[in-house]
Structure formats: C-alpha cells, structure tokens
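In my numbering, the protein residues as written are 1470 to 1686.
C-beta atoms are modelled at their ideal positions from N, C-alpha and C, and glycine is treated no differently.
Scroll down for the structure; my scribbles are underneath it.
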C-alpha cells in the first residue's frame, strides 16, 4: 500500500539523515534548497500524499509508525503536532465509516433492521400509532425481538481480525455494540410510549440496561 511505501521511504531517509554530518560550513546552500531537503518538508510531503490514499486502519497505524521514525531526526514540534492531528483525524474517519457499515450489518443479522426502517419511515401524523404501521404490528415486533434476544448470547459483532492494532479493533467492536444498544433503546422507548399504541408488551423481554449488559459482554 501507499502507507507501506511511505514507511519504507521514511525509514531509509531517516537512517541516511541520522548518519549524515549535515551541510559543511564552507559550502553554501540556498535556503530554498535547504527547505526542500529538510526532514520537515519530506515528512509532510510524504505523509500528506499517503493520507489522501489511506483506506484502512492498518494503513493509519503504518503512517503513525512512519512519523515516529521521522521524529528521531528532531522534527519541528509544531509540525509533529499538526501531522499527528491529521493522522488522528483520518483514523477517526475510517473508524466511523467502518463502524457505521458494520452496525447496519449487525442490525440486519440480529433482526432489528426491518422494524428500525419501518419506524424511521413512519409518517409523522398526529394520532397515528406505531402498532398500525406496516412492519410494526405486534407479530412483526414479536418475531424481530425473538431473533434479537437470541443474538444477545452470541452477539454477531465482527472480530475484525484484519485490523492488527488491538486497540483499534477493540474500539470498533465497542462502538458497534454501543450503536446496537442505542437502537434498541430508541425502539424500546418508542414502543412503550403513548405513540406506540400496543396493548400487550410481552414481546419486550429485556430492558435497555439488560440488553447493554448482555450485548456488550
């Protein structure tokens, strides 16, 4: 990947720069040339190019390692802080994209997706109840909740084995679990509200707090 290529280049450039005595005092070098040859310029140029093409969390980790290597040459502290912030923002973006995509997949697998979509598409009409909406009948909810509760004892959260960083892997899994629990809580509150319109709520076998404990585990 581009991130791996940058890492390899930064490693070689850093090693050469660390071994170099620098510019000789009797050799003139224009400031424009010094800037182009500076580690600050090289590091920022390479990282910026790689960040624009960064598509996986492992690529982000590789770029973090590249910056750590480059810091050995004594990079400007303000530039380091700026580059670390850019890498961190890219990491957050990739995590959120992954989490959102996988959350939708998990909701589909565990049975909440159909009733969630039916609820979101429900017309906002005064006096209209959920119970009367297509896809939100007591039978629909009972079937969906049965599937969802069955998944609580073996949550279908992906293992993300392709993410080599254990911290990022744990973060992604935790965010997905939290998103699913929040969806259940929103549905639970809507179903049990006056707008729900359900006379029999026996299909709700767990409270949101109980679901949080089971699903997060």
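Distance CB(residue 1526)-CB(residue 1475) smaller than 8 Å: no
Candidates 1534, 1531, 1585 and 1536: closest to residue 1604 by CA position: 1585
Check whether residue 1575 and residue 1649 have beta carbons under 8 Å apart: yes
Which of helix, strand or coil DSSP assigns to residue 1546: helix
Residue 1632, buried or exposed, once every other Cβ within 10 Å from all chains shown has been counted against 16: Buried, because 16 or more other Cβ atoms sit within 10 Å of the Cβ of residue 1632.
Sequence-distant residues of its chain with Cβ nearer than 8 Å to residue 1516 (five each side left out): Taking residue 1516 as the centre and dropping the five residues before and after it, the same chain places the C-beta of 1475, 1532, 1535, 1536, 1552, 1555 and 1556 closer than 8 Å to its C-beta, in chain order.
Whether residue 1659 touches residue 1599 by CB criterion (8 Å): Cβ atoms of residue 1659 and residue 1599: closer than 8 Å.
Buried versus exposed, by CB contacts within 10 Å (16 or more), residue 1559: With 16 or more Cβ atoms within 10 Å of its Cβ, residue 1559 is classed as buried.
Of the residues 1508, 1634 and 1657, the one placed nearest residue 1548, counting alpha carbons only: 1508
Residue 1652 vs residue 1581 beta-carbon contact at 8 Å: yes
Test item: CB-CB of residue 1638 and residue 1626 under 8 Å: Their beta carbons are not under 8 Å apart, which means residue 1638 does not touch residue 1626 by this criterion.
Own chain, CB closer than 7 Å to residue 1583, minus 5 neighbours either side, in chain order: 1604 and 1613
Backbone CA spacing between residue 1624 and residue 1571 [nearest angstrom]: 13 Å
CB-CB length for residue 1577 against residue 1522, believed under 8 Å: Incorrect: roughly 30 Å between the Cβ atoms, too far for contact.
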